[in-house]
Amino acid sequence: MAYYTIAHLLHSKIDGSELGPANIPAKDMTDEIWDYIFLSKEYPSNTSVPESTLKQLRNSFEYWYPLDVRVSGKDLINNHLTFFLYNHTALFPEEYWPRGIRTNGHLMLNGEKMSKSTGNSMTLREGVEKFGADATRIALADAGDAMDDANFEENNADSAVLRLFTEREWSEVFDYITQLTTGTNSQSFEHAYWAIYLLRPMF
Amino acid sequence: MRTGRYTFFDRCFENEMNALIDLTTAHFDATNYKLALKTGLFDFQNAKSWYLVVTGGDVHRDLILQFIEAQVLLITPIAPHWSEYIWREVLKKSGSVQDAAFAKPSCPEDPVIAAAQAYVKSLSDAVHQAESLQVKKKAKGKQVVFDPKKPKRLSIYVAREFPAWQQKYIDALEELYDEVCLITVRH
C-alpha cells in the first residue's frame with residue numbers, strides 16, 4: 488500500500504513499460520532511495536536522481552500515509568492482511584501503521600456461487616446496462632455487510648427500479664399538489680384527483 | 105394538504121424520521137451499507153406509508169417536504185443519479201445534491217413520542233389481528249358472531265392505573281430504588 492502512494496510517479500503504464508513523471512528507471516531505485524522516501528533517511532550520495540524529485544515522492548507518501556482503511560476479501564485474512572500488518576509494524580513507526588481493515592465475503596449472484604463454468608456471472612457493466620446504475624448500487628448495498636457472503640439478487644435490482652420510479656412519481660405529484668394548494672381553490676376536483684396518488688400504498 | 109400546528113400523528117412522523125436519520129448516519133459511519141439502506145430507504149418509506157394511512161392522506165405540507173428532502177439526502181450515497189434528479193427538478197434546489205450537507209434531524213428523537221407511537225401501532229395491529237382471526241374462523245366454517253358485511257364497532261378499554269396488587273410492588277420497588285439506586289437480582 489505504501490507503494491500505491493508513489494506508483495503514479497514511477498510509471499505511467501501499469502506494467503511499468505513507460506516511465507512516470509518522476510522519470511526514474513527501476514534500476515536506479517536503490518535501497519537508500521526507498522529509505523529516503525519511506526523512512527525520512529538522509530539523501531544518498533551515490534545517486535543521480537535529483538533530491539527535488541525524491542522529495543516529491545516522499546511528500547506523496549507522507550501526504551497519504553497512514554492509510555484509513557484497507558478493503559479485502561475474507562480469504563485474504565490469513566495471508567495478505569496478516570502480512571500487511573507484520574510488514575507495517577516491522578518497517579514503519581507507529582504513526583504510519585494502518586488505521587483500519589475491512590473484510591468482505593464473496594459475492595454470490597441470485598444465491599449461487601459465481602463461476603465461469605456454470606455461466607452464473609455478471610459484471611458491473613452488465614448490471615448497469617440491465618438495471619441502471621442506481622438500482623444496481625441499491626442491490627449491491629442490499630447484498631450484505633461484513634463477512635457473510637454477499638448476495639446480489641436480480642429481483643432486488645428489479646424492485647429497486649420500480650421503487651425509485653414510483654417514489655419519483657410520488658414526489659413529483661406532491662410537488663404539483665403544493666402548487667395547487669398554494670392557490671385559493673384548494674378543494675378543486677383536480678386536487679382531489681391527485682390526492683389519490685398520495686394515498687396509494689407505496690411499493 | 106394542511107399547514108399550521110402539528111397533530112399527534114404529525115409529531116410521530118417527524119419523530120420517526122429524526123430517529124431514522126440518526127440511525128442511518130450511524131450505519132454509514134460504520135460502513136454498514138445494507139443497514140444504512142434498510143433504515144435510510146426501506147424503513148424511511150414505511151414511516152411515510154404509515155403516516156399516509158393513519159392521516160387518511162390529510163398530511164402536513166411541511167412534513168412531506170421535509171420527508172422528500174431527507175429521503176433524497178439519505179439515499180444520495182447509494183443512488184446518486186436519482187437523488188440529483190429529485191434535488192434539482194422536484195425540489196428546485198440550486199446546485200448539486202453532491203454539495204449538500206447530509207440529512208440532519210429537525211430535533212433530537214423524543215423517546216416519549218416514540219413510545220406513544222409504538223403503543224398506537226401495536227394496538228392497531230392487535231385490532232387487525234383480532235379481525236382477521238374471526239375471518240379465518242368463519243372461512244373454516246366455524247360458528248362466529250362476526251359478520252364482515254355488517255358495519256363494525258370497536259370498543260377499546262384503557263386502564264388508567266395498574267391493579268392495586270401490582271401498584272403495591274411498584275411502589276415498594278421505587279422506594280428501594282430511590283434509596284440505594286441499585287437493585288441486584290439473585291437467582
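Quick note, the sequences are listed as chains A and B, same order. For the first sequence, the numbering used here puts the final residue at 690, and the numbers step up evenly by one. For the second sequence, the numbering used here puts the final residue at 291, and the numbers step up evenly by one. Every residue gets a Cβ at the ideal spot worked out from N, C-alpha and C, and that includes glycine. All values reported here derive from a predicted model rather than from experimental measurement.
- Task: Return helix, strand or coil for L195 of chain B, following the three-state DSSP convention.
- Result: The residue you call residue 195 of chain B lines up with position 91 of the second sequence. Looking at L195 of chain B - three-state DSSP - the assignment turns out to be coil, as it is neither helix nor strand.
- Query: Quick one: does E589 of chain A have its CB under 8 angstroms from some CB of chain B?
  - Reply: Sequence index remark: in the first sequence, residue 589 of chain A carries index 102 (1-based). For clarity, residue 589 of chain A is Arg in the given sequence; the question names Glu instead. Yes, its Cβ sits closer than 8 angstroms to a Cβ of chain B.
- Task: Please compile the residues from chain A whose C-beta is within a distance smaller than 7 angstroms of the C-beta of H185 of chain B.
- Result: Locating residue 185 of chain B in the second sequence gives position 81, where the first residue counts as 1. Within chain A, the residues near H185 of chain B are A620, D621.
- Item | Within the segment 497-567 of chain A, ranges of the beta strand (DSSP E) (whole runs, at least 3 residues) | 557-560
- Terminal residues of the continuous alpha helix (DSSP H) containing T128 of chain B? Residue mapping note: residue 128 of chain B aligns to position 24 of the second sequence, counting from 1. From DSSP, the alpha helix (DSSP H) with T128 of chain B extends over 112-133.
- Item | 8 angstroms Cβ cut-off: residues of chain D touching I564 of chain A | No chain D appears in this structure, whose protein chains are A and B.
- Close-in-space but distant-in-sequence residues of the same chain around L141 of chain B (CB under 7 angstroms, 5 per side omitted): For the purposes of this step, residue 141 of chain B is taken as residue 37 along the second sequence, with counting starting at 1. Contacts found: I182.
- Task: Compare the Cα-Cα distances from K514 of chain A to each of A:I524, A:S535, A:K528 and report the closest residue.
- Result: Counted from its first residue, the first sequence places residue 514 of chain A at position 27. When only C-alpha atoms are compared, the closest one is A:S535.
- Determine the direct distance from the alpha carbon of D522 of chain A to that of K528 of chain A, and round the result to whole angstroms. Counting from 1 along the first sequence, the entry for residue 528 of chain A is found at position 41. Counting from 1 along the first sequence, the entry for residue 522 of chain A is found at position 35. The alpha-carbon atoms of K528 of chain A and D522 of chain A are separated by roughly 6 angstroms.
- Query: Can you give the Cα-Cα distance for Q233 of chain B and D126 of chain B, rounded to whole angstroms?
  - Reply: Position 129 of the second sequence, counted from the start, is the residue given in the question as residue 233 of chain B. Position 22 of the second sequence, counted from the start, is the residue given in the question as residue 126 of chain B. Straight-line Cα distance between these residues: approximately 32 angstroms.
- For T653 of chain A, the nearest candidate out of B:R115, B:Q221, B:W186, B:L258 (CA to CA): For the purposes of this step, residue 653 of chain A is identified with residue 166 of the first sequence, where counting begins at 1. Minimum Cα distance to T653 of chain A is reached at B:W186.
- Query: Of all Cβ atoms in chain B, is any one closer than 8 angstroms to the Cβ of F639 of chain A?
  - Reply: For the purposes of this step, residue 639 of chain A is identified with residue 152 of the first sequence, where counting begins at 1. So no, F639 of chain A is outside the interface.
- Ordered along the chain, which non-local residues of its own chain (more than five positions away) have a Cβ less than 7 angstroms from that of N597 of chain A? For this step, residue 597 of chain A is matched to residue 110 along the first sequence. Result list for N597 of chain A: E640, E641, in chain order.
- Item | Own chain, CB closer than 8 angstroms to K197 of chain B, minus 5 neighbours either side, in chain order | By 1-based counting over the second sequence, the position of residue 197 of chain B is 93. The answer, listed in chain order, is W191, A204.
- Item | Proximity test, Cβ basis, 8 angstroms: Y189 of chain B and chain A | Counted from its first residue, the second sequence places residue 189 of chain B at position 85. Yes - at least one Cβ of chain A is within 8 angstroms of the one on Y189 of chain B.
- Item | C-beta contact flag for L496 of chain A and I520 of chain A at 8 angstroms | On the first sequence, residue 496 of chain A is found 9 positions in, with the first residue counted as 1. On the first sequence, residue 520 of chain A is found 33 positions in, with the first residue counted as 1. Against a cut-off of 8 angstroms, the Cβ pair of I520 of chain A and L496 of chain A comes out as no contact.
- Is there contact here, the segment 654-665 of chain A with the segment 212-225 of chain B, by at least three beta-carbon pairs under 8 angstroms? no
- Query: Are the C-beta of N559 of chain A and some C-beta of chain B separated by less than 8 angstroms?
  - Reply: Stepping through the first sequence from its first residue, residue 559 of chain A is reached at position 72. Note on identity: in this sequence residue 559 of chain A is Ser, with Asn being the wrong assignment. Not one chain B Cβ lies under 8 angstroms of S559 of chain A.
- Query: Is the CB-CB distance between R109 of chain B and D162 of chain B below 8 angstroms?
  - Reply: By one-based count along the second sequence, residue 109 of chain B stands at place 5. By one-based count along the second sequence, residue 162 of chain B stands at place 58. The answer is no: Cβ separation not under 8 angstroms.
- Message: Whole angstroms are fine: how far does the CA of A494 of chain A sit from the CA of N510 of chain A?
- Response: By one-based count along the first sequence, residue 510 of chain A stands at place 23. By one-based count along the first sequence, residue 494 of chain A stands at place 7. The alpha-carbon atoms of N510 of chain A and A494 of chain A are separated by roughly 12 angstroms.
- Query: Comparing the C-beta of Y137 of chain B with each C-beta of chain A, is any distance below 8 angstroms?
  - Reply: The residue given as residue 137 of chain B occupies position 33 in the second sequence. For Y137 of chain B, the answer is yes, since a Cβ of chain A falls inside 8 angstroms of its Cβ.
- Message: Going by beta-carbon coordinates alone, are D632 of chain A and L139 of chain B separated by less than 8 angstroms?
- Response: As a first step, residue 632 of chain A is located in the first sequence; it is residue number 145 there, counting from the start. As a first step, residue 139 of chain B is located in the second sequence; it is residue number 35 there, counting from the start. It is a contact, given that the beta carbons lie within the stated cut-off.
- Query: For the ligand ZN, any of its heavy atoms closer than 7 angstroms to the Cβ of D114 of chain B?
  - Reply: Because no ligand of any kind appears in the structure shown, any question about the ligand ZN cannot be addressed here.
- Task: Would you kindly check if the distance between the Cβ of L178 of chain B and the Cβ of A207 of chain B is under 8 angstroms?
- Result: On the second sequence, position 103 is the one that residue 207 of chain B refers to. On the second sequence, position 74 is the one that residue 178 of chain B refers to. In contact: A207 of chain B and L178 of chain B (Cβ atoms closer than 8 angstroms).
- Message: Give me the residue from B:K225, B:L258, B:G245, B:Q202 with the minimum Cα distance to E235 of chain B.
- Response: Looking up residue 235 of chain B in the second sequence gives position 131. Per the Cα distances, B:L258.
- Query: Can you list the residues of chain A that I168 of chain B reaches, using a CB-CB cut of under 7 angstroms?
  - Reply: Numbered from 1 along the second sequence, position 64 holds the residue referred to as residue 168 of chain B. Here the neighbours are F661.
- Message: Please classify D229 of chain B as buried or exposed, where buried requires at least 16 neighbouring CB atoms within 10 angstroms.
- Response: Working through the second sequence from its first residue, we reach residue 229 of chain B at position 125. Exposed, by the Cβ-count rule.
- Message: If we define contact as Cβ-Cβ less than 8 angstroms, is I125 of chain B a contact residue for chain A?
- Response: Locating residue 125 of chain B in the second sequence gives position 21, where the first residue counts as 1. For I125 of chain B, the answer is no, since every Cβ of chain A falls outside 8 angstroms of its Cβ.
- Where R650 of chain A falls, given that 16 or more other Cβ within 10 Å makes a residue buried: The count along the first sequence starts at 1 and reaches residue 650 of chain A at position 163. R650 of chain A should be labelled buried.
- Item | Residue environment, V239 of chain B, which counts as buried when at least 16 other CB atoms sit within 10 Å | Here residue 239 of chain B is taken as the residue at index 135 of the second sequence, counted from 1. The residue in question, V239 of chain B, is exposed, as its Cβ has fewer than 16 Cβ neighbours within 10 Å.
- Item | Sub-8 angstroms separation of R557 of chain A and I588 of chain A beta-carbons | For the purposes of this step, residue 557 of chain A is taken as the residue at position 70 of the first sequence. For the purposes of this step, residue 588 of chain A is taken as the residue at position 101 of the first sequence. Yes. Within cutoff.
- Query: So, is the C-beta of D629 of chain A closer than 8 angstroms to a C-beta in chain B?
  - Reply: To locate residue 629 of chain A, count along the first sequence from 1; it is residue 142. It does: the Cβ of D629 of chain A has a partner Cβ on chain B nearer than 8 angstroms.
- Message: Suppose you measure from the CA of T590 of chain A to the CA of I564 of chain A; what does that come to, to the nearest Å?
- Response: Your numbering for residue 590 of chain A matches position 103 in the first sequence. Your numbering for residue 564 of chain A matches position 77 in the first sequence. Cα to Cα, the separation comes out at about 8 angstroms.
- Please report the residue range of the beta strand (DSSP E) in which F639 of chain A lies. Here residue 639 of chain A refers to the residue found at position 152 when the first sequence is read from its first residue. 637-639 is the extent of the beta strand (DSSP E) around F639 of chain A.
- Task: Report the residues of the segment 500-522 of chain A with a CB closer than 8 angstroms to any CB of chain B, ordered along the chain.
- Result: none
- Item | Whole-angstrom distance between F618 of chain A and K603 of chain A, CA atom to CA atom | Reading the first sequence from its first residue, position 116 is the one you call residue 603 of chain A. Reading the first sequence from its first residue, position 131 is the one you call residue 618 of chain A. Approximately 22 angstroms between the Cα atoms of the pair.
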